[in-house]
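S.K.:
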Amino acid sequence: MGKILRRTFLIGTAAIAGGVAFGAYQLNKTYPNPLEDDLVEGETTFNPYVKITSDNTVTILVPRAEMGQGVTTTLAALVAEELDVDMADIKIEIAPASYAYYNSAMLADGAPLAHYNRSTMASVMRSSMSGLGKILGFQVTGGSSSVADAYDKLRLAGCTARETLKLTASAESGVAIAELKTESGKVILPDGKTLTYGELAEAAAKLDPPSDIKMRSASEWKILGKSTPRTDTLAKSTGAPIFGIDVELPDMLYASVKMNPRLGGKMRSFDATEAKKIKGVVDVIDITGPEEEKFGGGVAVIATNTWSAFKGVNAVKVEWDKGPYPATTDGIMDVIETALKAGNGDNLRDDGDVALAFADAPRDKVIEAQYRVPYLAHSTMEPMNATAQLKDGRLDIWTGTQAPTVVRSDCAYEAGVEEENTFIHSTYLGGGFGRRGEVDFARFAARVAKSTNGKPVKVIWTREEDMTHDTYRPASISNWKARIGDDGLPVAIDGQIATPSIVASVMARTFPSLSPIGPDNTITHGAFDQPYTVENYRVSGIKAPVDIPIGFWRSVGNSYTGFFQESFLDEVANKSNLDPIEMRLKLMKDHPTAVGVVKKVAEMANWSTPTTKGRAKGFAFTLSFGCWVAQIIEVVQTDDGIKIENVWCAADIGEALDPAIVKTQLQSGIIYGLSSALGQEITFTDGMVEQTNFDSFDAMRINQCPTMEIEILENADHRGGAGEPGTPPSIPALANAVHALTGKRIRSMPLSNEVEFYS
Amino acid sequence: MKLNVNGKDIEIDVEPDMPLLWALRDLVGLKGPKFGCGIAACGACTVHIDGEPTRSCSIAIEDVTGAVTTIEGISNGKDLHTVQKAWIEKQVPQCGYCQSGQIMGAVALLENNPNPTDEDIDETMSGNLCRCGSYPQIREAIKHAATLKVEA
Ligand code: FES
Ligand code: FES
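Heads up: the protein sequence lines correspond to chains A and B, in order. Take the first sequence: its position 717, counting from 1, is numbered 1175 in the numbering used here, and each next residue is one higher. Take the second sequence: its position 139, counting from 1, is numbered 854 in the numbering used here, and each next residue is one higher.
#1: I'd like to know whether the C-beta of A:Lys913 is nearer than 8 Å to at least one C-beta of chain B.
#2: Show which residues of chain B have a CB atom less than 7 Å away from the CB atom of A:Gly889.
#3: Distance check for A:Ser1134 and B:Val783, CA to CA, integer angstroms please.
#4: Would you list the residues sitting across from A:Tyr559 in a DSSP beta bridge?
#5: Using a Cβ-Cβ distance cut-off of 8 Å, determine whether B:Lys858 contacts chain A.
#6: Taking 7 Å as the cut-off, is the C-beta of B:Gln814 nearer than that to any heavy atom in ligand 2?
#7: Does the pairing of the region 835 to 851 of chain B with the region 811 to 823 of chain B give three or more beta-carbon distances under 8 Å?
#8: How would you label A:Arg726, buried or exposed, when you count the other beta carbons within 10 angstroms and need 16 or more for buried?
#9: Is it the case that the region 680 to 690 of chain A contacts the region 528 to 546 of chain A, given that we only count it when at least three CB pairs across the two stretches are under 8 Å?
#10: Enumerate, from N- to C-terminal direction, the unbroken alpha helix (DSSP H) stretches of 4 or more residues contained entirely within the region 1070 to 1140 of chain A.
#11: On the DSSP letters alone, give me the boundaries of the alpha helix (DSSP H) that B:Gln852 sits inside.
#12: Please list the partners that B:Ile754 has in chain A, where partner means a Cβ-to-Cβ separation under 7 Å.
#13: If we count Cβ pairs, one from each stretch, closer than 8 Å, do we get three or more for the region 790 to 803 of chain A versus the region 765 to 772 of chain A?
#14: Does the beta carbon of A:Glu706 sit closer than 8 Å to a beta carbon anywhere in chain B?
#15: Is B:Arg846 near ligand 2, in the sense that its beta carbon is under 7 Å from a heavy atom of that ligand?
#16: Return yes when the C-beta of B:Ala759 is under 7 Å from any heavy atom of ligand 1, and no when it is not.
#17: Buried or exposed for A:Asn1064, going by 16 or more other Cβ atoms inside 10 Å?
#18: Under 8 Å by Cβ, that's how I've got A:Gly1127 and A:Glu1040 pegged, so tell me the actual separation to the nearest angstrom.
#19: Take the Cβ of A:His1176 as the centre, count every other Cβ of all protein chains shown within 10 Å, and call the residue buried at 16 or more, exposed below.
#20: Counting C-beta neighbours from all protein chains within 10 Å, is the total for A:Asp690 16 or more, i.e. buried, or is it exposed?
#21: Per DSSP, which residues does A:Val739 bridge with? Please list them.
#22: To be precise: take each residue of the region 689 to 704 of chain A, compare its Cβ to all Cβ atoms of chain B, and keep it if any distance is under 7 Å. Which residues remain?
#23: Does the beta carbon of A:Ala475 sit closer than 8 Å to a beta carbon anywhere in chain B?
#24: Is the beta carbon of B:Ala801 less than 8 Å from the beta carbon of B:His859?
#25: Look at A:Val774 and A:Ala713 and say whether their C-beta atoms are less than 8 Å apart.
#26: Would you call A:Val715 buried or exposed, if buried means 16 or more other Cβ atoms sit within 10 Å of its Cβ?
#27: Keeping to the same chain, check which residues put their C-beta closer than 7 Å to that of A:Thr618; ignore five residues upstream and five downstream.
#28: In whole angstroms, what separates the C-alpha of A:Lys916 from that of A:Thr1070?
#29: Kindly list the residues whose CB is nearer than 7 Å to the CB of A:Lys624, restricted to its own chain and excluding five residues on each side of it in sequence; keep chain order.
#30: Taking the alpha carbon of B:Thr780 as the reference point, which residue from B:Glu855, B:Asp835, B:Glu834 and B:Pro731 has its own alpha carbon closest?
#31: Specify, as a first and last residue, the run of the beta strand (DSSP E) that B:Pro768 falls within.
#32: Looking at C-alpha atoms only, which residue of A:Lys823, A:Ser1017, A:Asn575 and A:Ile1090 is the closest neighbour of A:Ala1109?
#33: Between which residues of its own chain and B:Ser771 is the CB-CB distance below 6 Å, once the five residues before and five after are set aside?
#34: Return the chain-ordered list of same chain residues with a C-beta closer than 6 Å to the C-beta of B:Met716, the five sequence neighbours on each side being excluded.
#35: For B:Cys810, verify whether its CB is less than 7 Å away from any heavy atom of ligand 1.
#36: Once the 5 residues before and after A:Leu571 are set aside, which same chain residues still bring their CB inside 8 Å of it?
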């Protein structure tokens, strides 16, 4: 991968420079099956997703990270459906790191296009981006893309294996293929005799698969399209050691890290005298990387147990240098505001003539508002950690990662070993939300492993280290302006969004030698690409130069653009005395899928029935990651603050392969969004993050959790994702509900800075 | 240090100020109790001491005088605990990381209050954070476990 990255370059998630340079050869080549190297006695493999042993154990390899979103169920079901094996009988393994498991859907969805844009030009852009995913061997879990990417690949893997097994059975029995059936891991002959896959596998794996194979149509499905019990529930209900933090190896050491809390700043000096006196502490080492690296300076304390390592990092005295950004939240927000004022953004939407539309607008027909959101931490439930062992030129890494091939190449580089001698053992993830697409935690482990004489070392961050060294969701400031027409509908909308570029930050950490080009469409995703038709309509994304590490946080830009635009449209509707839902329906009339979810949610929530005193409802809609989501939130004023009592959500993702999992993903996304609105913010003083643990950066608790009703519609033409799209509309729906309840228009997150919530 | 964990007396060589959580995880080898915060703010590390739900990250080993039960010790070895069965039936876990703590909280709740209302559940379980937001399923599963218990 390294070479390709240095030669070409793409990105911005947008610009596809170099895209054309990839020849057909690279696009058509296939990666070798990584399972072939590690087969045990009696085991055969047909493709990177299927292994069968002679005792008829069928193992399905899941190429994506399981972080709660159910891929070890739904992706396995795609294979099982075609292979004709029962979900209860299969073994599931997380696939190793390999370019064979590239994700092309995520990059395709990263093209700067609205989901509903299906023009020829759009399809050319999507296919170049997706080709790039393949060429880079981009094995990444993100962008709510797992199902979209796997849908054909994994069904085809199951289908090919099944047909090859039938071919073998035909050769052995003399019965024509057409007369063979398959069921529950067996080939069934016309006379009722059966041959198990296990019996056939060894011979089958030597054959070329038949060429005229056909995948089943949805009407023939037995597993897909219905809710399947998750395959990981038992392990997760018994405390099984399935997470990175649970890894235990013979002779293992433990370590913890302490990096400059002024993010990216250097370490002037450190004094480990006190730390070394702590019982159990083995060593204190400097793990500062090379100059160009973005992680900043810091130390690791190696010990015989986690507690000693934690005490050790607290006891090391360090003199830190300053960070490369303003030292306070105010200073940081000033930089963003200055960028906003300067303008000069990328207009990913620019319909009609916005400047002209405002030039002659009567004052009382213009409405303007400014919104703000803070930095946010991911705060996955399992703090960052990774285990590494470097011995005899071989590096092993055990960790929960959303990007195993990047972990592999970066850690190989850290340890100075070849990629071929670097092995990634992927565990389950105690939450990802984008944070585990980063590689810092794995690189630090590889770095520490260089000082442990071949012994494995588990490097666990304290919660404080995790919270104060995140790759945050960036802060943003946004100006919105509308001209209202005679019928009360907007005839012109101008939205400007200023925020630091996530893509630039990720690239600088991951591929420091490259600079991203073109617009960063994550800045305006969720705003420029919404299904509203307005005659003059411009959405502009402005990059603000703040060098705080930021990254992909559940729903990325949509997490704030949804709040900006949907709050603003609520303001427009209020000013025009229009019902906010009626107004949206008029603006989105060209998009029946959008209209469908909005009408559905209005019906679920009895929107047209007026609420009683002391309660109120708010509405919002966001199309993100191909999923059309409308939500209504009902709040109640109690003596102990405002309580979120009900959430109604209607979502259309096209065909839903597992409706129950899709619903819980939306639910999870909604709670994640509401948690942020209820009180999360990351602030800076003296260059350091002020929130250090769940006492100062909390999330929704069970006693704050509303009753939720979620309906899945399946009318959309194109497949969408489920992991992130619940988040964006939840935040403005709550803000709009709070406005309806209190009359207070809160334009700055979190809402808790201005009203009190029940807690 | 002497400790009784899941019905067994054990002896471990450990600094007396080490929190029970790390003794269990690193020295006893029980990975069920999870580390989330270290300051009794998330509940991921919940175990029972003499039946009382306790944040094992915030009690030093020298202060542990009662019998410790972790999630590994709530089933009788063959059958899952009723609460675990309810968890599976109601498909509670998402990432799963908080769930040992949630289950230990729920087991203790049902011991004290065999038929909890939503309010009882909310009040008792609000110390257990779930970043994946599995709360609606947790409520359902606790109520389901209550009915399973009556049937049993
Ligand atoms: S780890 Fe003990 S309460 Fe969070
Ligand atoms: S299931 Fe992930 S934190 Fe609760």
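All residues carry an ideal CB built from backbone N, CA and C; glycine is no exception.
M.R.: Once the coordinates are examined:
#1: Translated into the one-based positions of the first sequence, residue 913 of chain A becomes position 455. Not closer than 8 Å to any Cβ of chain B, the Cβ of A:Lys913 fails to qualify, so no.
#2: Against the first sequence, residue 889 of chain A aligns to sequence position 431. By Cβ distance, chain B contributes Cys810, Tyr812, Arg846 and Cys847.
#3: The residue you call residue 783 of chain B lines up with position 68 of the second sequence. The residue you call residue 1134 of chain A lines up with position 676 of the first sequence. For B:Val783 and A:Ser1134, the distance between alpha carbons rounds to 36 Å.
#4: Your numbering for residue 559 of chain A matches position 101 in the first sequence. Answer by DSSP bridge pairing: none, since A:Tyr559 is not bridged.
#5: The residue you call residue 858 of chain B lines up with position 143 of the second sequence. No, no contact with chain A.
#6: Here residue 814 of chain B refers to the residue found at position 99 when the second sequence is read from its first residue. Yes; taking the cut-off as 7 Å, the Cβ of B:Gln814 has a heavy atom of ligand 2 nearer than that.
#7: yes
#8: Residue numbering aside, residue 726 of chain A sits at position 268 when the first sequence is read from its first letter. It counts as exposed.
#9: yes
#10: DSSP runs (the alpha helix (DSSP H)) wholly in the region 1070 to 1140 of chain A: 1117 to 1135.
#11: The sequence position of residue 852 of chain B within the second sequence is 137, counting from 1. Segment Tyr850 to Glu866, the alpha helix (DSSP H) holding B:Gln852.
#12: Here residue 754 of chain B corresponds to residue number 39 of the second sequence, with the count starting at 1. Here the neighbours are Asn1151 and Asp1153.
#13: no
#14: By 1-based counting over the first sequence, the position of residue 706 of chain A is 248. Closer than 8 Å to some Cβ of chain B, the Cβ of A:Glu706 qualifies, so yes.
#15: By 1-based counting over the second sequence, the position of residue 846 of chain B is 131. B:Arg846 Cβ: within cutoff of ligand 2.
#16: The residue given as residue 759 of chain B occupies position 44 in the second sequence. Because some heavy atom of ligand 1 lies under 7 Å away, the Cβ of B:Ala759 counts as near it: yes.
#17: For this step, residue 1064 of chain A is matched to residue 606 along the first sequence. Classification for A:Asn1064: exposed.
#18: Mapped onto the first sequence, residue 1127 of chain A falls at position 669. Mapped onto the first sequence, residue 1040 of chain A falls at position 582. Contact flag wrong, Cβ pair sits at about 26 Å.
#19: Against the first sequence, residue 1176 of chain A aligns to sequence position 718. Taking all protein chains in view, the Cβ of A:His1176 is surrounded by fewer than 16 other Cβ atoms within 10 Å, so the residue is classified as exposed.
#20: Taking the first sequence and counting its residues from 1, the one referred to as residue 690 of chain A is at position 232. So A:Asp690 counts as buried.
#21: In the first sequence, residue 739 of chain A corresponds to position 281, counting from 1. Answer is A:Ala761.
#22: Look at the region 689 to 704 of chain A: the residues with a C-beta under 7 Å from a C-beta of chain B are Asp690, Thr691, Leu692, Lys694, Ser695, Thr696, Gly697, Pro699, Phe701, Ile703 and Asp704.
#23: Residue mapping note: residue 475 of chain A aligns to position 17 of the first sequence, counting from 1. The predicted position of A:Ala475 is uncertain, since its pLDDT is 35 and thus under 50; a value taken from the coordinates is nonetheless stated next. It does not: the Cβ of A:Ala475 has no partner Cβ on chain B nearer than 8 Å.
#24: Taking the second sequence and counting its residues from 1, the one referred to as residue 801 of chain B is at position 86. Taking the second sequence and counting its residues from 1, the one referred to as residue 859 of chain B is at position 144. In contact: B:Ala801 and B:His859 (Cβ atoms closer than 8 Å).
#25: If you number the first sequence from 1, residue 774 of chain A lands on position 316. If you number the first sequence from 1, residue 713 of chain A lands on position 255. Not closer than 8 Å, so no.
#26: Numbered from its first residue, the first sequence carries residue 715 of chain A at position 257. Counting the other Cβ atoms within 10 Å of the Cβ of A:Val715 gives 16 or more, which makes it buried.
#27: In the first sequence, counting from the first residue as 1, residue 618 of chain A sits at position 160. Within the same chain, A:Thr618 has close Cβ partners Phe504, Asn505, Pro667 and Ile671.
#28: For the purposes of this step, residue 916 of chain A is identified with residue 458 of the first sequence, where counting begins at 1. For the purposes of this step, residue 1070 of chain A is identified with residue 612 of the first sequence, where counting begins at 1. Their Cα atoms are separated by approximately 56 Å.
#29: Start at 1 with the first residue of the first sequence, and residue 624 of chain A comes out as number 166. So the list reads Ile635, Leu638, Thr640 and Val645, once near-sequence residues are dropped.
#30: As a position in the second sequence, residue 780 of chain B is number 65, starting the count at 1. Out of B:Glu855, B:Asp835, B:Glu834 and B:Pro731, B:Pro731 has the C-alpha closest to the C-alpha of B:Thr780.
#31: To locate residue 768 of chain B, count along the second sequence from 1; it is residue 53. Here the beta strand (DSSP E) through B:Pro768 covers Glu767 to Arg770.
#32: Reading the first sequence from its first residue, position 651 is the one you call residue 1109 of chain A. It is A:Ile1090 whose Cα lies nearest to the Cα of A:Ala1109.
#33: Against the second sequence, residue 771 of chain B aligns to sequence position 56. These residues qualify, in order along the chain: Leu735, Leu736, Pro748, Cys760 and Val762.
#34: Residue 716 of chain B sits at position 1 when you count from the first residue of the second sequence. Excluding sequence neighbours, B:Met716 sits near Ile727, Val729 and Ile776.
#35: To locate residue 810 of chain B, count along the second sequence from 1; it is residue 95. B:Cys810: no, Cβ never under 7 Å from ligand 1.
#36: Working through the first sequence from its first residue, we reach residue 571 of chain A at position 113. Excluding positions up to five away in sequence, the list reads Ala580, Met583, Arg584 and Asp987.
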